[in-house]
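*Asks:* Please read through the structure below; I'll follow up with questions.
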Amino acid sequence: MVADVIFIIFSILMLISFIIFIPILYLTIRLLIKKRNWHINFKYCYFSLCVFITLSTLSNFGPIVVYILNYVDQSKDAMKYNTLAQIIEDVRGNFISLCRSSMYLIIYERSCAKNYRINYEHQNNVKLLTFVVLIEIPVAYGLRCFKYIPNMSINIYYIWVSIQDLPLIFLYFVLVQRSKKLKKMENNKENTLSTKYTISQNIALLKRISVLILIFSVTQTGTNITGMSLRYLIDPIYDATIGFVLLTVRSALYNWGMYSFMFYKKSHDDFRIKVVLFFNNKNYIHKYSKNNVKTNGCMKTLSIEKGLRKNAIETYHNIITSKW
-17 MVADVIFIIF SILMLISFII FIPILYLTIR LLIKKRNWHI NFKYCYFSLC VFITLSTLSN
43 FGPIVVYILN YVDQSKDAMK YNTLAQIIED VRGNFISLCR SSMYLIIYER SCAKNYRINY
103 EHQNNVKLLT FVVLIEIPVA YGLRCFKYIP NMSINIYYIW VSIQDLPLIF LYFVLVQRSK
163 KLKKMENNKE NTLSTKYTIS QNIALLKRIS VLILIFSVTQ TGTNITGMSL RYLIDPIYDA
223 TIGFVLLTVR SALYNWGMYS FMFYKKSHDD FRIKVVLFFN NKNYIHKYSK NNVKTNGCMK
283 TLSIEKGLRK NAIETYHNII TSKW
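My numbering numbers the first residue of the sequence shown as -17 and each following residue consecutively.
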């Protein structure tokens, strides 16, 4: 049958995707350990997201296991493994829900980093985040149970799931824009390097995870809409095959999202130092002396020294942030 051929082809592609995923996961964990300047709260949230992505990827092999069991078992009892297939599908759906909630948790954590930027660098909320992650598990199961409400249409359930994904992109872009606006405002204030670092790091980490968030939201909504549409266009015998094809494509895109996070290279334009500290100081003295000729000599010296100290701090900050 055509459905069997398609299923076998995409089973091979799924296996290849998982083989590629293993080194990406390993390198991602190494990166989280290596990046000591990243906040522990963010690293914990992203690590939990990686765990749930891994579990959802493994659960994608469930349909392959059921297919092999049906092929090996010659009893031709079509209903024999339906219960197993349904359990595997529910487990996979729970892991996807946990991936979604982990992304929302990252957005919330980065929002806290922005709002409490003055002392956030010294906060460690791993215990609280662990409690939140544990709460997410029964919540994800509860959301999955909506599928089994009496007289619940599968299409309505898909719409319900898509509604959960759509706010993610909106919240992400709002947070990025507000963080950029905050950075411009803070650059004109005499804040500590720690505060400026927290703001800059927040933007950098949000940019790192942008591709993964975009992929998750688009693929979740896209696969749900595609699944609903194809049910009316293609013979029902292909439902399982279509679902598995969509899972394979989504799994491959997750690899791309994690890869983009791992090898993200931010532009150096934002942190480029146009002039070295020596020339900055020289230009500052010349500009100050020219614009303040009538100022008292002692006061002028103190003002210049204060300006030079501020200029040195700003230049040092630019040098450090260029490596963030």
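For glycine and all other residues, C-beta sits at the position ideal for the given N, C-alpha and C.
Using a beta-carbon distance below 8 Å, is D72 in contact with chain B?
*Replies:* Looking for chain B here will not work: only one protein chain is present.
*Asks:* Would you report the Cα separation of V143 and L175, rounded to the nearest angstrom?
*Replies:* Approximately 42 Å, taken between the alpha carbons.
*Asks:* Measuring alpha carbon to alpha carbon, tell me which of S(-7), I119, L148 ends up nearest L206.
*Replies:* Looking at the sequence provided, one finds Asn at residue 206 rather than Leu. Selected option, being the one with the closest Cα: L148.
*Asks:* So, under 8 Å CB-CB, K25 and L14 are touching, yes? Tell me the CB distance rounded to an integer number of Å.
*Replies:* So it is a contact: roughly 5 Å between Cβ atoms.
*Asks:* Give me the Cα-Cα distance between A(-15) and Y63, rounded to the nearest whole angstrom.
*Replies:* Their Cα atoms are separated by approximately 18 Å.
*Asks:* Can you tell me where the alpha helix (DSSP H) with N76 in it begins and where it stops?
*Replies:* Run containing N76: 64 to 97, per the alpha helix (DSSP H) assignment.
*Asks:* DSSP three-state label for W20, please.
*Replies:* Three-state result, W20: coil.
*Asks:* For the alpha helix (DSSP H) holding F245, just list the boundary residues, first then last.
*Replies:* No alpha helix (DSSP H) holds F245; DSSP gives it neither H nor E.
*Asks:* So S182 is in the alpha helix (DSSP H); what residue range does that whole segment cover?
*Replies:* Here the alpha helix (DSSP H) through S182 covers 175 to 190.
*Asks:* Between which two residues does the alpha helix (DSSP H) carrying M167 extend?
*Replies:* Its alpha helix (DSSP H) spans residues 136 to 168.
*Asks:* Could you check if G279 is buried or exposed, using at least 16 other CB atoms within 10 Å of its CB as the buried criterion?
*Replies:* Residue placement at G279 is flagged as unreliable, the pLDDT there being 46, under the threshold of 50; the coordinate-derived value follows with that caveat. Exposed is the call here.
*Asks:* Considering only residues of the same chain and omitting the five flanking positions on each side of N237, which have a CB-CB separation below 8 Å?
*Replies:* Excluding sequence neighbours, N237 sits near S(-1), I2, F3, I6.
*Asks:* Under 8 Å, do V200 and F(-8) count as touching if we go by C-beta distance?
*Replies:* Taking 8 Å as the Cβ cut-off, V200 and F(-8) do not qualify as a contacting pair.
*Asks:* Under 8 Å: do the region 16 to 31 and the region 108 to 119 share three or more Cβ pairs, one atom per stretch?
*Replies:* They touch, by the three-pair rule.
*Asks:* Roughly how many whole angstroms lie between the Cα atoms of Q146 and Q202?
*Replies:* Taking the straight line from one Cα to the other gives about 10 Å.
*Asks:* In terms of alpha-carbon separation, which member of C27, K17, I69 lies closest to N42?
*Replies:* The shortest C-alpha separation from N42 is found at I69.
*Asks:* Just checking my contact of R74 with G44 at CB under 8 Å: how many whole Å lie between their CB atoms?
*Replies:* Right, the Cβ-Cβ distance comes to about 6 Å (below 8 Å), so this counts as a contact.
*Asks:* Going by C-alpha distance, which of M134, T180, F243 is nearest K162?
*Replies:* Here the closest residue by C-alpha is T180.
*Asks:* For I115, count neighbouring Cβ atoms within 10 angstroms of its own Cβ and tell me buried if that reaches 16, exposed if not.
*Replies:* The sequence shown places Val at residue 115, rather than the Ile named in the question. So V115 ends up on the buried side.
*Asks:* Starting from E118, trace the alpha helix (DSSP H) in both directions and tell me its first and last residue.
*Replies:* Here the alpha helix (DSSP H) through E118 covers 108 to 126.
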